[in-house]
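Asks:
There are 2 protein chains.
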Amino acid sequence: MEKIVEQNLLFDFYGELLTEHQRNVYRDAVCNDMSLSEVAEEYGISRQGVHDLLKRCDKILQDYEDKLRLIRRFDAIGEKLEEIRSLSGEQEDILKLTEEIREQL
Amino acid sequence: MEKIVEQNLLFDFYGELLTEHQRNVYRDAVCNDMSLSEVAEEYGISRQGVHDLLKRCDKILQDYEDKLRLIRRFDAIGEKLEEIRSLSGEQEDILKLTEEIREQL
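Sequences listed follow chains A and B, in order. Using our numbering, the letters of the first sequence correspond one by one to residues 14 to 118. Using our numbering, the letters of the second sequence correspond one by one to residues 14 to 118.
(1) Whose Cβ in chain A lies nearer than 7 Å to the Cβ of B/Ser59?
(2) Under three-state DSSP, which class holds A/Leu30?
(3) Counting only Cβ pairs nearer than 8 Å, list the residues of chain B close to A/Lys80.
(4) Going along the segment 64-89 of chain A in order, which residues come within less than 7 Å of chain B, judged by CB to CB distance?
(5) Mapping DSSP to helix, strand and coil, what is B/Leu49?
(6) Where does B/Ser141 land, buried or exposed, given buried means 16+ other C-beta within 10 angstroms?
(7) Which whole runs of the beta strand (DSSP E) in the segment 77-115 of chain A are 3 residues long or more, in chain order?
(8) At the level of alpha carbons, what is the spacing between B/Met14 and B/Gln20?
(9) Is DSSP giving A/Gly62 helix, strand or coil here?
(10) Does DSSP put B/Glu54 in a helix, a strand or coil?
(11) Give the interface partners of A/Gln126 over in chain B, defined as CB-CB distance under 8 Å, in chain order.
(12) From A/Leu108 to B/Glu116, what distance separates their C-alpha atoms?
(13) Going by the CB atoms, is the gap between A/Leu30 and B/Lys80 shorter than 7 Å?
(14) Pairs of beta-carbons, one from the segment 31-38 of chain B and one from the segment 61-68 of chain B, closer than 8 Å: are there three or more?
(15) For chain B, check one thing: does any of its Cβ atoms lie closer than 7 Å to the Cβ of A/Glu15?
(16) Once the 5 residues before and after B/Gly91 are set aside, which same chain residues still bring their CB inside 8 Å of it?
(17) Indicate whether at least one CB of chain A lies closer than 7 Å to the CB of B/Leu23.
(18) If you draw a straight line from the C-alpha of B/Phe24 to the C-alpha of A/Ser50, how long is it?
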């Protein structure tokens, strides 16, 4: 998986477990694709500080995934929901329920 | 929900995020229902120490649930899976897939 995609996914799942400051910086730099210089200016820290913070957050987020494996588990559930959809014979209420489950993932 | 049931559920979901020591003590005292004295002797700490550790762990686990809401989300998914099962007209392969999803939760 491309690094930026993986970072966004990890942030979606575990971003709430970062501190507010980490979360804001990470969101701007990774999810909103701002440059290190822009983020550094925004938060009044050095570019090196931003770089270090992002690296630390990458590790924190990856550690959570290594322990909880939510991304892996939710991915497997998504695949099985697809199978249910194709086996359902387009049954409207089953399709709707699979959509609702997707929203919980 | 009864406290012991809730503690077991929280431990199932977030136990991996405790330290190994916290996890062992919590598992023995809460999941294996050992007395404070037994656990204290087992780990060479005081009964008060066990009590404090359990209280701290309860808070840590609850904080994770407050942030990630996995129990609430997985519970909602479980209910929708039940609905899919009853709508599936006993279709064997759909029932099997809902079982497999349950195992991921």
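Backbone N, C-alpha and C fix where the C-beta goes; we use that ideal spot for every residue, glycine too. In this text the structure is predicted, and so the values were computed from the model without any measurement.
Replies: The answer reads as follows:
(1) The premise fails here: B/Ser59 is roughly 29 Å from chain A at the closest Cβ pair, so nothing lies under 7 Å.
(2) Taken through DSSP and simplified to helix, strand or coil, A/Leu30 comes out as helix.
(3) Correct list: Glu29 and Leu30.
(4) Residues of the segment 64-89 of chain A whose Cβ lies closer than 7 Å to any Cβ of chain B, in chain order: Lys80, Leu81, Arg86 and Ala89.
(5) In the structure shown, B/Leu49 sits in a helix (DSSP, three-state: H, G or I).
(6) Given a span of 14 to 118 for chain B in the structure shown, any question on residue 141 of chain B remains unanswerable.
(7) None, since the segment 77-115 of chain A contains no complete beta strand (DSSP E) of that length.
(8) B/Met14 and B/Gln20: Cα-Cα distance of roughly 10 Å.
(9) A/Gly62 sits in a helix when the DSSP states are folded into three classes.
(10) In the structure shown, B/Glu54 sits in a helix (DSSP, three-state: H, G or I).
(11) Nothing can be reported for residue 126 of chain A, as the shown portion of chain A is limited to 14 through 118.
(12) Taking the straight line joining both Cα atoms gives about 21 Å.
(13) Going by C-beta atoms, B/Lys80 is nearer than 7 Å to A/Leu30.
(14) The segment 31-38 of chain B vs the segment 61-68 of chain B: in contact.
(15) With a threshold of 7 Å between beta carbons, A/Glu15 makes no contact with chain B.
(16) Counting only residues of its own chain and dropping the five nearest sequence neighbours on each side, B/Gly91 has a CB closer than 8 Å to the CB of Arg115 and Leu118.
(17) Among the CB atoms of chain A, none fall inside 7 Å of the CB of B/Leu23.
(18) Distance from the CA atom of B/Phe24 to the CA atom of A/Ser50, rounded to whole angstroms, is 42 Å.
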